[in-house]
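J.:
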Amino acid sequence: MSQPAIYAEHLSKHFRSNEALKDMSFSVPTGSIYGLLGPNGAGKTTTIKILMNLLTANSGRAEVLGYPSHKLNWRGFRKIGYVSENQILPEEMSVTELLAYLKPFYPNWDAKLCGELLAQLDLPADRKLKNLSRGMKMKAALLSSLVFRPELLVLDEPFSGLDPVVREDFTRGLLGSVVDSNGTVFMSSQDVEEVERLCDWIGIMKPGHLLISEPLDQLLRRFRRIEITLASGETPKIDWGQDIVQAERSGTTVNLVHQQFAGAATLKELQERFPHASTTEDFPMTLREIYLAVARVRTT
Amino acid sequence: MLSFNVQIKPGSPAYEQVVYAVQKALITGRLKPGDRFPSVRQLSQELRINPNTAHKIVAHLTAERLLQVEPGIGTVVQKLPAGSSQDKSVLLNKDLERLVVGAKRLSLGLSEVTRALEKHWEKIS
Chain U
161 MSQPAIYAEH LSKHFRSNEA LKDMSFSVPT GSIYGLLGPN GAGKTTTIKI
211 LMNLLTANSG RAEVLGYPSH KLNWRGFRKI GYVSENQILP EEMSVTELLA
261 YLKPFYPNWD AKLCGELLAQ LDLPADRKLK NLSRGMKMKA ALLSSLVFRP
311 ELLVLDEPFS GLDPVVREDF TRGLLGSVVD SNGTVFMSSQ DVEEVERLCD
361 WIGIMKPGHL LISEPLDQLL RRFRRIEITL ASGETPKIDW GQDIVQAERS
411 GTTVNLVHQQ FAGAATLKEL QERFPHASTT EDFPMTLREI YLAVARVRTT
Chain L
877 MLSFNVQIKP GSPAYEQVVY AVQKALITGR LKPGDRFPSV RQLSQELRIN
927 PNTAHKIVAH LTAERLLQVE PGIGTVVQKL PAGSSQDKSV LLNKDLERLV
977 VGAKRLSLGL SEVTRALEKH WEKIS
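Chains as they are written, first to last, in the working numbering: chain U, 161 to 460; chain L, 877 to 1001.
Pasting the structure below:
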């Protein structure tokens, strides 16, 4: 396997007594679109800031495109596009002026792509940034991060607060560029549906911890909601074990979330546990359902 | 705009949903042999799906011989190839068995199932 675009090992970060990240390890394969999900305050932005050398971890280490993150400098940033939710832009400049200002820093600047993106993203080239809407500013920031064909694009909450039209323009621009440059994307988001469509690798955080980091396909395959209808009167006591992350019972129906579903073998095992069950059915879960099941159960 | 219709729903792989939509479009005639099929780039952008997924879709349909890459033209929709005897056997035994089990579990009668089957058959031709 080729070197991952991002590699993090045992990252920890605290702000005074507040532990923002605890022993976080993961890697982002080159060529993937990795979506990091988690509630506000889970540590998504802290993770990104450590990777982008805007914060220093208290322990652990990370590599970004082969560079140790705490040594990442202009040389690395010629290959990395970074767009954050609260991007600070030179407000007095127009989009054109911003692009002209940035161009000399990037040997790979693609003027043709720049023109295409300006049209595709529907950006007014001559208006000052301070007079642009939030969505427009995000698009301007994306544009300035795509034109030098970065090997890695890091997006912190790219969709939050964007209206549907801007969001569509934004994702089109992003996807087109990923196809053309065969780049890697690492994004944090609260938008589970968008992440399920766009990403092929998923990370799920609860405050301070990374609970899950794996390919989306695998996640959708191994999580399954299972509905068991019990014979009335049956009240089995069950040791749920590791594989069942959630169990609810109402009347004669038991609803489980199984995290190591393996088809017929799992169903057989459950039938043995519930010998009097009249039916056992399994249902696929959306990423949203998986996210909620994981976040609820393990956050205590 | 894509020449076939698909609304991707969360919960099952987008890959399977799009492959199915293309197969259906070929059978209903929305996609015709000789039509240009969208590139990975277009597919990814129009459906707003991961490019690796779009790539897998095109590769799968090409392996099924529903698409073929023609040099200088692009990816072109092919005539429906005759199904293999193995595919036919899977459909007539396994898939139909599953339908029968499902129907019996819901206490549906054979005539109800046949009527519904005929309706679908007519709708898709």
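Ideal Cβ positions, reconstructed from N, Cα and C, are used throughout, including at glycine.
1. Is DSSP giving residue 983 of chain L helix, strand or coil here?
2. Across the segment 293-312 of chain U and the segment 321-335 of chain U, are there enough close Cβ pairs to call them in contact, namely three or more that are closer than 8 Å?
3. Rounded to whole angstroms, what is the Cα-Cα separation between residue 268 of chain U and residue 309 of chain U?
4. If residue 206 of chain U and residue 164 of chain U are in contact, beta carbons under 8 Å, what's the gap, nearest whole angstrom?
5. Within 10 Å of its beta-carbon, does residue 460 of chain U have 16 or more other beta-carbons around it, so buried, or fewer, so exposed?
6. Under 8 Å, Cβ to Cβ, is there at least one residue of chain L near residue 193 of chain U?
7. Comparing C-alpha positions only, which one of U/321, U/410, U/414 and U/382 sits nearest to residue 423 of chain U?
8. Can you find the residues in the same chain that come closer than 7 Å, C-beta to C-beta, to residue 426 of chain U, ignoring five residues on each side of it along the sequence?
9. Does any C-beta atom of chain U lie closer than 8 Å to the C-beta of residue 927 of chain L?
10. Does the Cβ of residue 234 of chain U have 16 or more other Cβ atoms within 10 Å, making it buried, or fewer, making it exposed?
11. Ends of the alpha helix (DSSP H) at residue 234 of chain U?
12. Only counting the same chain, and skipping five residues up and downstream in sequence, which positions put a Cβ closer than 8 Å to that of residue 275 of chain U?
13. Throw me the rounded Cβ distance for the residue 365 of chain U and residue 203 of chain U pair, which I believe falls under 8 Å.
14. Just by C-beta distance, which residues in the segment 356-373 of chain U are closer than 9 Å to chain L?
15. Please specify which runs of the alpha helix (DSSP H), each continuous and at least 4 residues long, are wholly inside the segment 934-1001 of chain L, giving them in chain order.
16. Answer yes if the segment 438-447 of chain U comes into contact with the segment 355-363 of chain U, meaning at least three C-beta pairs across the two stretches below 8 Å, and no otherwise.
17. Mark residue 949 of chain L as exposed unless 16 or more other C-beta atoms lie within 10 angstroms of its C-beta, in which case mark it buried.
18. When we look at the beta-carbon of residue 928 of chain L and count the other beta-carbons within 10 Å, is it buried (16 or more) or exposed?
19. Which same chain residues end up closer than 6 Å to residue 904 of chain L when comparing Cβ atoms and leaving out the 5 residues on each side of it in sequence?
20. So with Cβ pairs under 8 Å, would you call residue 282 of chain U a contact of chain L?
21. Quick one: which unbroken beta strand (DSSP E) runs of 3-plus residues sit fully inside the segment 346-417 of chain U? Chain order, please.
T.: Looking at the atomic coordinates:
1. Start at 1 with the first residue of the second sequence, and residue 983 of chain L comes out as number 107. Note: residue 983 of chain L maps to coil in three-state DSSP.
2. yes
3. Counted from its first residue, the first sequence places residue 268 of chain U at position 108. Counted from its first residue, the first sequence places residue 309 of chain U at position 149. Roughly 7 Å separates the two Cα atoms.
4. What you label residue 206 of chain U is simply residue 46 of the first sequence in a count that begins at 1. What you label residue 164 of chain U is simply residue 4 of the first sequence in a count that begins at 1. In fact, because the Cβ distance is near 20 Å, the residues do not count as touching under 8 Å.
5. Residue numbering aside, residue 460 of chain U sits at position 300 when the first sequence is read from its first letter. With a pLDDT of 38 at residue 460 of chain U, under the threshold of 50, the predicted position of this residue should be treated as unreliable, though the coordinate-derived value follows. Per the 10 Å Cβ criterion, exposed.
6. By one-based count along the first sequence, residue 193 of chain U stands at place 33. Output row for residue 193 of chain U: interface = yes.
7. Locating residue 423 of chain U in the first sequence gives position 263, where the first residue counts as 1. It is U/382 whose Cα lies nearest to the Cα of residue 423 of chain U.
8. Walking along the first sequence from the start, residue 426 of chain U turns up at place 266. Correct list, in chain order: 418.
9. Your numbering for residue 927 of chain L matches position 51 in the second sequence. Closer than 8 Å: yes.
10. Position 74 of the first sequence, counted from the start, is the residue given in the question as residue 234 of chain U. The residue is exposed, with fewer than 16 neighbouring Cβ atoms inside 10 Å.
11. Sequence index remark: in the first sequence, residue 234 of chain U carries index 74 (1-based). 234-237 is the extent of the alpha helix (DSSP H) around residue 234 of chain U.
12. Looking up residue 275 of chain U in the first sequence gives position 115. Result list for residue 275 of chain U: empty, nothing under 8 Å.
13. Residue numbering aside, residue 365 of chain U sits at position 205 when the first sequence is read from its first letter. Residue numbering aside, residue 203 of chain U sits at position 43 when the first sequence is read from its first letter. Right, their Cβ atoms sit about 6 Å apart.
14. 356, 357, 358, 359 and 360
15. 961-965, 972-981 and 986-999
16. yes
17. Residue numbering aside, residue 949 of chain L sits at position 73 when the second sequence is read from its first letter. With fewer than 16 other Cβ atoms within 10 Å, it is exposed.
18. Counted from its first residue, the second sequence places residue 928 of chain L at position 52. The residue in question, residue 928 of chain L, is buried, as its Cβ has 16 or more Cβ neighbours within 10 Å.
19. Taking the second sequence and counting its residues from 1, one reaches residue 904 of chain L at position 28. The answer, listed in chain order, is 1000.
20. Translated into positions along the first sequence, residue 282 of chain U becomes position 122. Not one chain L Cβ lies under 8 Å of residue 282 of chain U.
21. 361-366, 369-375, 384-389 and 404-410
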